[in-house]
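Asks:
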Amino acid sequence: MLRPPRRLPRPPRRAASTGPGPGRRLLLSTPIFYANGPPHIGHLYSALLADALHRHRGLRGAGPGRLSTGTDEHGLKIQQAAAAAGTSPPELCQRVSGLFRQALTQAAVSFTDFIRTSEPHHQRAVRHFWGALQDGGALYKGCYEGWYCTPEECFLPESQLAERRDAQGRPCKVSLETGHQVHWTKEENYMFRLSAFRDPLRDWLRDNPHAIAPDPFYQRVLRWLEEDLPDLSVSRERSRLQWGIPVPSDPTQTIYVWVDALVNYLSVVGYPETHGEWWPAAHHVVGKDILKFHAIYWPALLMAVGLAPPERIFVHSHWTVRGQKMSKSLGNVIDPAACIGRYTLDGFRYFLLRQGVPERDCDYYDEKVVKLVNSELADALGGLLNRSTALSINPSNTYPCFSESCFPKVLDYREAKGLGRASAEDYELVASVASLPLQVASYFEGFQIYKALECITLCVRQTNGFFQRHKPWKLDRRDPAEQLWLDTIIHVTLECLRVYGTLLQPVIPHTADRLLSRLAVEPEERGLSNLTFLPRYDGKPCPFEGRELGPDTGVLFHRLEKPRQRQHQIETKKL
């Protein structure tokens, strides 16, 4: 295939309005989900990661933010799925897009924008983007042939293929990554000069070592860029693919579905007119299976039209079910709605974000969910709240006072012996909880939400140990000295719970709201920017002292029942 000479990429333009600062804007995005089937927990996991980041940023008061999600509705897979279901592509997309919107709403994903690639404003943005690629000399027409994978909507090189046998025993080639069968395809397409962007992409990543997180995925992309970067086919013959956006001025071609889909991150913020108010302050949350599209193709396409790459790309791995990949043929595709019904909304949100480790695949099974949620939410957190607010030890139902004489401030807790009634372990607890907000913020910034939750869990255990160690139920409130110490124990415990409730809002919003309401923490007191732990320990006034606690609405989080037998919530929706 003949190829015209390379043209150098234009330097990207950065929008001044998105620079660093306390009021800067930020777009967080999930992938837009392919509308050829209903949602499963892998989709929900992507959305919950982005939602937690979005909520945490809102609690910090960090400036205007948007969370975009939606559905990718063009391509050969949609065309084939609609034909198999005996319906039209628009009808299929309308139904499946509704399922995704419903699932994300049910999971309390706080999206501000839900985009569909079939919408006119998005299609106009794609046509404008295509025109910008052409105007910049980034496209040319040529004959392309290679191994095409329909489920992945892309051509694959030989290095990413393996020899297998199909169901009839005939030899075939499949994708090493997914196992999907590929077919040799030859057609005339428009080509994108991806090869011209190898060095600019490497420069971008080396200048921005945190652009892709976690680090193993950043290193993977750098390794890819050490290899040849062939030009990319960015259109398909219209005779083979009718369900898509036609190439402007060439009705024989359809724009490649991935070019179409990636532009959603621009169209959602008003491209080509008003995107400069948000771009490139964008953080994408994506699965590892679409890393190359987001970390190589998308930045190169943006550079080609003079725009900067997104600030950050957060990458996560996949979920398996009892060690097996989710598959319709295995009947083990997990339905999020069924899980939320069984484990509660916050219970299932907590499980996915607590157990999900972006760097590696994570395994799902019912018993694991029940054990984790019962241990950490029902018993440790809920039990601590119930015990520390019980009328038997706090008959006034108020936020009791802290006594500096019982718990004096010390520079070295090892020297605290004999100064009050607090032990070295108690001072360790105070130090741990005081540092917790910054720890949690650091882990959220590094896309390690599971580590943030691990730190909170450890502190909850420490607080339970503190409460159990001093046995406030055995103290005699009629004795003035005992009452001071009893009130101090409860005060410290409630202060710890207030911090935990505040920090858990991005993950379990409804449970955190109940916890904070029980502690009489007003909505305007629930942000992170003014979260101060145990101010009386530092000799400062505590606004909560003496405040009447909120109404007791019962158990914070009810224990889940153990599954009586091995069960899976499998997908039953028929397209």
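Anchor point for the sequence shown: position 162 equals 176 in the numbering used here, and the numbering is continuous, going up by one each time. Each residue gets a CB set at the ideal place from its N, CA and C atoms; glycine is no exception. On a predicted model such as this, the values are computed, not experimentally measured, just so you know.
Does the beta-carbon of residue 93 have 16 or more other beta-carbons within 10 angstroms, so that it is buried, or is it exposed?
Replies: As a first step, residue 93 must be located in the sequence shown, where it is residue number 79. So residue 93 ends up on the buried side.
Asks: If residue 194 and residue 326 are in contact, beta carbons under 8 Å, what's the gap, nearest whole angstrom?
Replies: Counted from its first residue, the sequence shown places residue 194 at position 180. Counted from its first residue, the sequence shown places residue 326 at position 312. Not confirmed; about 29 Å, so no contact.
Asks: For residue 263, which option in 204, 227 and 294 has the closest C-alpha, if you only look at C-alpha atoms?
Replies: For this step, residue 263 is matched to residue 249 along the sequence shown. Out of 204, 227 and 294, 204 has the C-alpha closest to the C-alpha of residue 263.
Asks: By DSSP's criteria, residue 203 is part of a beta bridge. Which residues make up the other side?
Replies: Position 189 of the sequence shown, counting from 1, holds the residue named residue 203. According to DSSP, which records beta bridges pairwise, residue 203 is partnered with 156.
Asks: Note down the Cα distance separating residue 100 from residue 108, rounded to an integer number of angstroms.
Replies: For the purposes of this step, residue 100 is taken as the residue at position 86 of the sequence shown. For the purposes of this step, residue 108 is taken as the residue at position 94 of the sequence shown. Cα to Cα, the separation comes out at about 14 Å.
Asks: Give the secondary structure of residue 9 by DSSP, where H, G and I count as helix, E and B as strand, and everything else as coil.
Replies: Coverage of the chain is limited to positions 15 through 589, which leaves residue 9 absent and any answer about it impossible.
Asks: Looking at residue 335: is its Cβ nearer than 8 Å to the Cβ of residue 378?
Replies: As a first step, residue 335 must be located in the sequence shown, where it is residue number 321. As a first step, residue 378 must be located in the sequence shown, where it is residue number 364. Contact flag set, yes.
Asks: Restricting to Cα atoms, I'd like to know which of 452, 420 and 131 is closest to residue 437.
Replies: Within the sequence shown, the letter at position 423 stands for residue 437. Answer by Cα proximity: 420.
Asks: In whole angstroms, give me the CA-to-CA distance for residue 273 and residue 322.
Replies: Indexing the sequence shown from 1 puts residue 273 at position 259. Indexing the sequence shown from 1 puts residue 322 at position 308. Answer to the nearest angstrom: the Cα atoms are 16 Å apart.
Asks: Report all residues from its chain with a CB closer than 6 Å to the CB of residue 40; omit the five preceding and five following residues, and keep chain order.
Replies: Against the sequence shown, residue 40 aligns to sequence position 26. 79 and 295.
Asks: Going by beta carbon distance, what residues of the same chain come within less than 8 Å of residue 559, once the five residues before and after it are set aside?
Replies: Here residue 559 refers to the residue found at position 545 when the sequence shown is read from its first residue. Within the same chain, residue 559 has close Cβ partners 413, 414, 415, 416, 505 and 550.
Asks: In the DSSP assignment, what residue or residues form a beta bridge with residue 362?
Replies: If you number the sequence shown from 1, residue 362 lands on position 348. In the DSSP output, where bridge partners are listed per residue, residue 362 has none listed.
Asks: What does the Cβ neighbour count give for residue 445, buried or exposed, with the cut at 16 atoms within 10 Å?
Replies: Translated into positions along the sequence shown, residue 445 becomes position 431. Exposed, because fewer than 16 other Cβ atoms sit within 10 Å of the Cβ of residue 445.
Asks: Pick from 479, 490 and 164: whose alpha carbon is nearest that of residue 500?
Replies: Start at 1 with the first residue of the sequence shown, and residue 500 comes out as number 486. The option with the nearest alpha carbon to residue 500 is 490.
Asks: Less than 7 Å between C-beta atoms, sequence neighbours within five positions excluded: which residues of the same chain meet that for residue 399?
Replies: By one-based count along the sequence shown, residue 399 stands at place 385. Here the set comprises 511, 529, 532 and 570.
Asks: For residue 133 versus residue 111, is the C-beta distance shorter than 8 Å?
Replies: Working through the sequence shown from its first residue, we reach residue 133 at position 119. Working through the sequence shown from its first residue, we reach residue 111 at position 97. Result no, Cβ atoms of residue 133 and residue 111 do not sit closer than 8 Å.
Asks: Considering residue 327, what are the terminal residues of the beta strand (DSSP E) in which it resides?
Replies: If you number the sequence shown from 1, residue 327 lands on position 313. Start and end: 326-330.
Asks: Which partner residues of residue 198 appear in the DSSP bridge assignment?
Replies: To locate residue 198, count along the sequence shown from 1; it is residue 184. Its beta-bridge partners are 161.
Asks: From the DSSP secondary-structure annotation, give me the bridge partner or partners of residue 105.
Replies: Here residue 105 refers to the residue found at position 91 of the sequence shown. Per DSSP, none; premise fails for residue 105.
Asks: For my contact list, residue 56 and residue 332 are in at a C-beta cut-off of 8 Å; report their separation, rounded to the angstrom.
Replies: The residue you call residue 56 lines up with position 42 of the sequence shown. The residue you call residue 332 lines up with position 318 of the sequence shown. The pair is a contact, with the Cβ atoms about 6 Å apart (cut-off 8 Å).
Asks: Let's test the definition: count the other Cβ atoms within 10 Å of the Cβ of residue 502 and tell me whether it reaches 16, buried, or not, exposed.
Replies: Translated into the one-based positions of the sequence shown, residue 502 becomes position 488. Residue 502 is buried by the Cβ-count criterion.
Asks: One question on the structure: do residue 83 and residue 113 come within less than 8 Å of each other, judged by their Cβ atoms?
Replies: To locate residue 83, count along the sequence shown from 1; it is residue 69. To locate residue 113, count along the sequence shown from 1; it is residue 99. Not in contact: residue 83 and residue 113 (Cβ atoms no closer than 8 Å).
Asks: One question on the structure: do residue 65 and residue 124 come within less than 8 Å of each other, judged by their Cβ atoms?
Replies: One-based indexing of the sequence shown puts residue 65 at position 51. One-based indexing of the sequence shown puts residue 124 at position 110. It is a contact, given that the beta carbons lie within the stated cut-off.
Asks: How about residue 402 and residue 507: do their beta carbons lie closer than 8 Å?
Replies: Mapped onto the sequence shown, residue 402 falls at position 388. Mapped onto the sequence shown, residue 507 falls at position 493. In contact: residue 402 and residue 507 (Cβ atoms closer than 8 Å).
Asks: With hydrogens ignored, establish whether the beta-carbon of residue 83 is closer than 7 Å to any heavy atom of the ligand ZN.
Replies: In the structure shown, the ligand ZN is absent, as is every other ligand, since no ligand is present at all.
Asks: Consult DSSP for residue 187 and reduce its assignment to one of helix, strand or coil.
Replies: Counting from 1 along the sequence shown, the entry for residue 187 is found at position 173. Note: residue 187 maps to strand in three-state DSSP.
Asks: May I ask you to list the residues that DSSP assigns as paired with residue 84?
Replies: One-based indexing of the sequence shown puts residue 84 at position 70. DSSP, once it has assigned bridges, lists 129 as partnering residue 84.
Asks: Can you check which of these residues, 479, 480, 209 and 289, is closest to residue 240 by C-alpha distance?
Replies: Taking the sequence shown and counting its residues from 1, one reaches residue 240 at position 226. Looking at the Cα atoms, 209 is the closest of the given residues.
Asks: Identify which residue in 171, 153 and 152 has its Cα closest to the Cα of residue 161.
Replies: Numbered from 1 along the sequence shown, position 147 holds the residue referred to as residue 161. Measuring from the Cα of residue 161, the nearest candidate turns out to be 171.
Asks: In this structure, what does DSSP give as the bridge partners for residue 299?
Replies: On the sequence shown, position 285 is the one that residue 299 refers to. Beta-bridge pairing links residue 299 to 328.
Asks: CB-CB under 7 Å to residue 406, same chain, minus the five flanking residues each way: which ones, in chain order?
Replies: Taking the sequence shown and counting its residues from 1, one reaches residue 406 at position 392. Cβ neighbours of residue 406 beyond the five flanking positions: 487.
Asks: Tell me where the alpha helix (DSSP H) around residue 231 begins and ends.
Replies: As a working note, residue 231 is residue 217 in the sequence shown. Where residue 231 is concerned, the enclosing alpha helix (DSSP H) stretches over 229-238.
Asks: Look up residue 249 in the DSSP assignment and give the residues it is bridged to.
Replies: Position 235 of the sequence shown, counting from 1, holds the residue named residue 249. Residue 249 is bridged to 269.
Asks: Could you check where the alpha helix (DSSP H) with residue 499 kicks off and where it finishes?
Replies: In the sequence shown, counting from the first residue as 1, residue 499 sits at position 485. Here the alpha helix (DSSP H) through residue 499 covers 494-517.
Asks: For residue 144, report the span of its alpha helix (DSSP H) as first-last.
Replies: Here residue 144 refers to the residue found at position 130 when the sequence shown is read from its first residue. Segment 134-149, the alpha helix (DSSP H) holding residue 144.
Asks: List the DSSP bridge partners of residue 179.
Replies: Within the sequence shown, residue 179 is the residue found at index 165, counting from 1. Its beta-bridge partners are 185.
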